[in-house]
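If you read the sequence shown in our numbering, its first letter stands for residue 593, the second for the next number, and so on. Ideal placement from N, C-alpha and C gives every residue a C-beta, glycine not left out. Worksheet for the structure shown next.
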Amino acid sequence: MRRPRLLAAAVLAASLTLTACGGPSGPAAADSPTCPGGQIRMGVEPFEDPAKLVPAAEILGDALERRLSCPVEVQVTEDYSAEVLAMRNDRLELGIFGPLGYVFASERAGAEPVASFGTAAGELSTYTAGIWVPASSDVTGVEQLRGRTLALGAVGSTSGDALPRQALLDAGLALGDVRVDYAGGHPEALLALTSGKVDAAEINTQQLASATASGIFDPTRFRQVWTSQPIPNDPVTVRGNLDPQFKAAVTDALLNLDAQAVGEIGALLDVSPPGKLVPVTRDTYAPLFELATKLGLTESDVE
């Protein structure tokens, strides 16, 4: 029986190194250009409830492990900055980042995007950020959030931080005009709204689909007052200082995984029906680099 290969956030904070399990081992694996150090460590941002994210990430890791004949250790990090730091310190070979998290990972850790989640038609999937209020609220637009409480997901999140904050600025609201409460993640922001702790909350289409399907959220009891432009879905990145032969091999492996292998984690990113991973480059995420510049964000904003 194979041992679990994911670390809980608290464990990961203490130690980012996992013992390889399953797959090939010994000198042959360690010496392979496609199996550096005898294992591949893949970080995953904590964008969903661990009870859902862990098994979905396991399926992807197992498929990649079989394709490359190399143990793949999947690590769900404590937050965005922990994943960036792990890659910068050469403790991750691969990382699945949120789009804005990738911007910082690119600048700080040399992360290179190679694939993202595709639709059944073979196109890059997208999602949108949103701000929701109770159906009974008198708020009909972002500008009416002045003096209200807004739950955001986590500092450094694309849809759970940067884009909603830009929406506030675009509506003429200055820093301090809205009481912002960072809830700790997308599920937590949604819960803050449904429990009546805040006047409004960010809920992106990924979290909306997941929470609605599980019965946690009833869209008829709430109303969306703002939505963003489409955002390219999360990139799978490879650490930039790795051997080009490894980069080529892992890119080929990712792009040739069956749709079923990526479908479970893709569903959590609101990709339905799922397709295979599709190629992406830095240019795919150019609008996010521009957003970071516009808001004056740096890597310290995800720490």
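- Relative to the Cα of D835, the nearest Cα in the group I823, L686 and F696 belongs to L686.
- In the structure shown, I808 adopts coil according to DSSP, grouped into three states.
- For the options F689, L869, P625 and Q798, the alpha carbon positioned closest to that of Y877 is the one of F689.
- Counting every other CB atom within 10 Å of its CB across the protein chains shown gives E670 a total of 16 or more, marking it as buried.
- By the criterion of a C-beta distance shorter than 7 Å, V725 is surrounded in its chain by V731, D791, A792, F814, R815 and V817, once the five residues flanking it on both sides are discounted.
- For E715, no alpha helix (DSSP H) segment is defined, and its DSSP state is neither H nor E.
- Under the 8 Å Cβ criterion, the stretch 732-745 counts as touching the stretch 763-779, having at least three qualifying pairs.
- Spatial neighbours of A801 in its own chain (CB-CB distance under 7 Å, excluding positions within 5 residues in sequence) are listed in chain order as D862.
- Check the Cα spacing between T711 and each of S864, E640, K886 and L849: the tightest is with S864.
- The alpha-carbon of P663 is positioned some 18 Å away from that of D850.
- Counting C-beta atoms within 10 angstroms of its own C-beta, L742 has 16 or more neighbours from the protein chains shown and is therefore classed as buried.
- Cβ neighbours of S820 within its own chain (closer than 6 Å, five residues either side excluded): T720, A721 and L755.
- T626 is not a Cβ neighbour of V706, given a cutoff of 8 Å.
- Beta-carbon to beta-carbon, R831 and G702 are separated by about 6 Å, close enough to satisfy the 8 Å threshold.
- Rounded to the nearest whole angstrom, the C-alpha separation of E637 and G629 is 23 Å.
- About 5 Å separates the Cβ atoms of P827 and S708, confirming a contact at the 8 Å cut-off.
- Here G788 is exposed, its C-beta having fewer than 16 other C-beta atoms within 10 Å.
- If you check the CB distance, V695 and A884 come in under 8 Å.
- Going by DSSP, I795 is part of no alpha helix (DSSP H) at all; its letter is neither H nor E.
- With respect to Y774, A746 sits close: the two C-beta atoms are nearer than 8 Å.
- In the structure shown, T885 adopts helical secondary structure according to DSSP, grouped into three states.
- Per DSSP, the continuous alpha helix (DSSP H) segment holding P779 begins and ends at H778 to T786.
- For G710, the three-state secondary structure derived from DSSP is strand.
- Burial of T750 is indicated by the presence of at least 16 other C-beta atoms within 10 angstroms of its C-beta.
- Per the C-alpha coordinates, the member of P824, R874 and L889 positioned closest to T718 is P824.
- Ranked by Cα distance from H778, the first of G855, L860, L846 and P647 is L860.
- Here the alpha carbons of L744 and L783 stand approximately 11 Å from one another.
- According to the DSSP assignment, R680 belongs to the alpha helix (DSSP H) that extends over Y672 to R680.
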